[in-house]
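Numbering (the numbering used here), first residue to last: -1 to 365.
Notes follow once the structure below has been shown.
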């Protein structure tokens, strides 16, 4: 490499490094797709994404024509708790909502907002019995369609399944889950640790469900640290890749957008976190086809609509073995399981998602 080229490379690295450290907000292009709020109650809301005005959109390195044919059934994206909504619209060229709209879907997104300690006592019963039905009713009223398709990522998929089973809602047309754990004890080494913990608690006659919700409230910063500690090697690799690619402005910008999502996780209401941890990871209820919602029980055999479960091949938070039993526990005669590339976040917004996981979702919903 010539001296001139070396100097230019060093200059680019310095400029990109400075912007990434001190002007990262100038690199963030997440969350730019326009939307309207069609429902607001407390801290949670429902977004309706406004129709695309372009004739085509960029998806990765490809151009995707915007379909003139509209799907008559709205698609409702149910976010998990503790995430911000950037992941659904990470970059204009890697935006889940833009991709879905280009494929003809009318897209709604449930945003659970920013819980504070005031909401520490909220339980999954609140979300599944109260908040989610109100959100879906708002979508029905706004769209004029009784029938809805549901897509839920992680805990959002669990909410979709529990709601559909508990209410036996015949107007749920199809359900798609991304990275939603079903058999928590099959989740590799961490699943076995949870299984041992469950036995220890049972032997000590400790009921985890009785732990005060306020004690389990976790602020956003704690969730950021916890998420990164679940895959410390991956986290360090991400920063190493940033350093090695510091000369590449586009790579640095993509890293900034990913960080804008990961480093801005929201808090977990203690009650909801307690319920999820108990049902999925300790008691492993969903592996047996049911899920406690307060005093009620959602029986997954009551889910008769078509169900598609998707897992990420390299997902450490909810691995393939953990997610795969979905086809066995639901009552649907039309259930399917698909393995795509990526980890827990990659299945939602990874580079390979558009041509694999997103494409599978669209073709299945349209089938």
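The beta carbon of each residue, even a glycine, is placed where N, CA and C say it ideally should be.
If you're wondering where the values come from, they're calculated on a predicted model, not measured in any experiment.
Within the region 257 to 326, the runs of beta strand (DSSP E) that reach at least 3 residues and sit entirely inside it are, in chain order, 288 to 291, 294 to 297 and 305 to 310. Under the 8 Å Cβ criterion, the region 331 to 347 counts as touching the region 310 to 320, having at least three qualifying pairs.
Under the three-state reduction of DSSP, residue 58 is assigned to coil, being neither helix nor strand. In the DSSP assignment, residue 150 is bridged to 76 and 175. Residue 190 carries a helical assignment under DSSP once its states are collapsed to helix, strand and coil. One thing to note: residue 177 has its Cβ within 8 Å of the Cβ of residue 321. Residue 356 and residue 122 have their C-alpha atoms roughly 28 Å apart.
Residue 35 sits exposed, since fewer than 16 C-beta atoms from the chains shown fall within 10 Å of its C-beta.
Within the model, the alpha-carbon separation for residue 210 versus residue 325 is close to 34 Å. By the 16-neighbour rule on beta-carbons within 10 angstroms, residue 204 is exposed. Under DSSP, residue 35 forms a beta bridge with 45. DSSP, reduced to helix, strand and coil, places residue 161 within a helical segment of the structure shown. DSSP, read as helix, strand or coil, puts residue 217 in coil. For the options 354, 351 and 42, the alpha carbon positioned closest to that of residue 111 is the one of 42. Taking residue 318 as reference, the option from 333, 54, 339 and 160 with the minimal CA-CA separation is 339. Inter-residue distance for residue 315 and residue 341 is about 8 Å (C-alpha atoms, whole angstroms).
Beta-bridge partners assigned by DSSP to residue 334: 306.
Residue 122 carries a helical assignment under DSSP once its states are collapsed to helix, strand and coil. Secondary structure of residue 64 (DSSP, three-state): coil.
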